[in-house]
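Student: Numbering of the sequence shown is given in the UniProt record's numbering, commencing with residue 1 and proceeding in unit increments.
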Amino acid sequence: RDDFNLWLKEQGPQKISGIVDSWMK
Numbered sequence: 001r002d003d004f005n006l007w008l009k010e011q012g013p014q015k016i017s018g019i020v021d022s023w024m025k
């Protein structure tokens with residue numbers, strides 16, 4: 001989804017790595 005990707009970009013790299021880290025656990 002384009003809007004989801006756009007939201008991720010707005011969150012910034014640190015926020016994204018935090019979200020991905022929680023997904024991996």
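Even for Gly, the Cβ is constructed at its ideal location relative to N, Cα and C.
Between the C-alpha atoms of W23 and P13, what's the straight-line distance to the nearest angstrom?
Tutor: Numbered from its first residue, the sequence shown carries residue 23 at position 23. Numbered from its first residue, the sequence shown carries residue 13 at position 13. Their backbone Cα atoms lie some 15 Å apart in a straight line.
Student: Helix, strand or coil for K9 per DSSP?
Tutor: The sequence position of residue 9 within the sequence shown is 9, counting from 1. In the structure shown, K9 sits in a helix (DSSP, three-state: H, G or I).
Student: List the whole-angstrom C-beta distance separating I16 from L8, where the pair is believed to meet the contact cut-off of C-beta under 8 Å.
Tutor: The residue labelled residue 16 in the question sits at position 16 within the sequence shown. The residue labelled residue 8 in the question sits at position 8 within the sequence shown. The pair is a contact, with the Cβ atoms about 6 Å apart (cut-off 8 Å).
Student: Rounded to whole angstroms, what's the CA-CA distance from D2 to V20? Just pull it up for me.
Tutor: The count along the sequence shown starts at 1 and reaches residue 2 at position 2. The count along the sequence shown starts at 1 and reaches residue 20 at position 20. Roughly 18 Å between the two C-alpha positions.
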